[in-house]
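**Q** Numbering (my numbering), first residue to last: 5 to 255. Every residue, glycine too, gets a C-beta built ideally from N, C-alpha and C.
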Amino acid sequence: MIHVTDELELYSLGALAPGDAARVTAHLSECPACREQARAIDEVVQELPETLPGREAPGRLRDRILASARAELATVRAPRRDMAWTARLLRPALVLAAGLWLAVGAAALVNENLSLSNELKVVASDRATYESIVEGIRQGGRWWYMAGKDGWTGSGGTLIAPRAEGRPPFVVFHDLRPLPRGQLYTVWLVSSDNTWVRGATFRPDGKDVQAVDVTAAIAGFDSCAVTIEDSAWGRRAGPVVMESRIVPPAP
Numbered sequence: 005m006i007h008v009t010d011e012l013e014l015y016s017l018g019a020l021a022p023g024d025a026a027r028v029t030a031h032l033s034e035c036p037a038c039r040e041q042a043r044a045i046d047e048v049v050q051e052l053p054e055t056l057p058g059r060e061a062p063g064r065l066r067d068r069i070l071a072s073a074r075a076e077l078a079t080v081r082a083p084r085r086d087m088a089w090t091a092r093l094l095r096p097a098l099v100l101a102a103g104l105w106l107a108v109g110a111a112a113l114v115n116e117n118l119s120l121s122n123e124l125k126v127v128a129s130d131r132a133t134y135e136s137i138v139e140g141i142r143q144g145g146r147w148w149y150m151a152g153k154d155g156w157t158g159s160g161g162t163l164i165a166p167r168a169e170g171r172p173p174f175v176v177f178h179d180l181r182p183l184p185r186g187q188l189y190t191v192w193l194v195s196s197d198n199t200w201v202r203g204a205t206f207r208p209d210g211k212d213v214q215a216v217d218v219t220a221a222i223a224g225f226d227s228c229a230v231t232i233e234d235s236a237w238g239r240r241a242g243p244v245v246m247e248s249r250i251v252p253p254a255p
């Protein structure tokens, strides 16, 4: 029996294609081990709505994250599940073959392998990023959605403070506009007395979804915003391009 452990999270989130979802459902009806794991994941998923009172984050943000994750998983998986173990066994042989070709001067093949290696590294990095985002979302906690304004309408970001101890807050941005050289996006935490504390400074990476860690503690702040600055330090000086609604700080 081939288990479906790797697909249970997307299955519980309703993010699998209909055919894959039907296959997982059929497997769960026959496999107590996978069924128990799916039940545990479902409990976490059911708690997610309770962590989002009064939020208006666009539904497409979740869809984009999950769609991107599915695309990356499909890229790195073997076309047939029953051949996945064969691919793992063949990888060392393929590496050895590449080494032999290098020894005899097959430069074209080497260049192709290097290009493939670089592409796989990018895929692995993106997959790790999406998995980290999904894991942070699953942990629940406090959320602020920052909506784009003026020329940044359509852009936005959700600041997530996971409930799990030791997991730092982070922001998941979508549809970030490119910036001229020398300019930076800056995340600010704002208190009720209008104190602004810098939480993160970054450049857009050009992807539909970008996660950015927040380095400042969020305790005591009730809203957040994003400005465009010319410096990675100092006081706020640039225009506000995204801002959240006020949410009372946690006691």
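(1) What three-state label does DSSP hand Val245 in the structure shown?
(2) Using DSSP with H/G/I as helix, E/B as strand and the rest coil, what is Arg239?
(3) At which residues does the alpha helix (DSSP H) containing Asp217 begin and terminate?
(4) Here's the rule I'm using: 16 or more other beta-carbon atoms within 10 Å means buried, otherwise exposed. How should Trp243 be labelled?
(5) When DSSP labels each residue in this structure, what does Ala82 get in the three-state scheme?
(6) Take the Cβ of Glu34 as the centre, count every other Cβ of all protein chains shown within 10 Å, and call the residue buried at 16 or more, exposed below.
(7) Apart from the five residues on each side of it in sequence, which residues of its chain come closer than 6 Å, Cβ to Cβ, to Ala165?
(8) For the structure I just gave you, are there three or more beta carbon pairs, one from the region 230-243 and one from the region 176-195, closer than 8 Å?
(9) CB-CB under 7 Å to Glu60, same chain, minus the five flanking residues each way: which ones, in chain order?
(10) Between Ala204 and Val216, is the Cβ-Cβ spacing less than 7 Å?
(11) Which residue from Phe225, Phe177 and Gly224 puts its Cα closest to that of Asp212?
(12) Can you tell which of Gly210, Ser159, Arg207 and Ser227 has the C-alpha that lies nearest to the C-alpha of Val245?
(13) Within 10 Å of its beta-carbon, does Ser227 have 16 or more other beta-carbons around it, so buried, or fewer, so exposed?
(14) Smallest Cα separation from Ile45: which of Ala25, Pro36 and Leu17?
(15) Would you mind stating whether Leu329 and Ala21 have Cβ atoms separated by less than 7 Å?
(16) Can you tell me the Cα-Cα spacing of Leu163 and Leu180, whole angstroms?
(17) Between the Cα of Glu247 and those of Trp156, Val218 and Asp197, spot the shortest distance and give me the residue it belongs to.
**A** Put simply:
(1) strand
(2) coil
(3) Not the alpha helix (DSSP H): Asp217 falls in the beta strand (DSSP E), residues Val213 to Asp217.
(4) Just to set this straight, residue 243 is Pro in the shown sequence, not Trp. It is exposed - the Cβ of Pro243 has fewer than 16 other Cβ atoms within 10 Å.
(5) Residue placement at Ala82 is flagged as unreliable, the pLDDT there being 46, under the threshold of 50; a coordinate-derived value is accordingly withheld.
(6) exposed
(7) Gly145, Arg146, Pro173 and Ile222
(8) yes
(9) Bear in mind that a pLDDT of 46 at Glu60, under 50, signals an unreliable position, so the number given afterwards is only what the model happens to contain. Here the set comprises Tyr149.
(10) yes
(11) Phe177
(12) Ser159
(13) buried
(14) Leu17
(15) This structure leaves residue 329 out entirely; the chain is present only between 5 and 255.
(16) 15 Å
(17) Trp156
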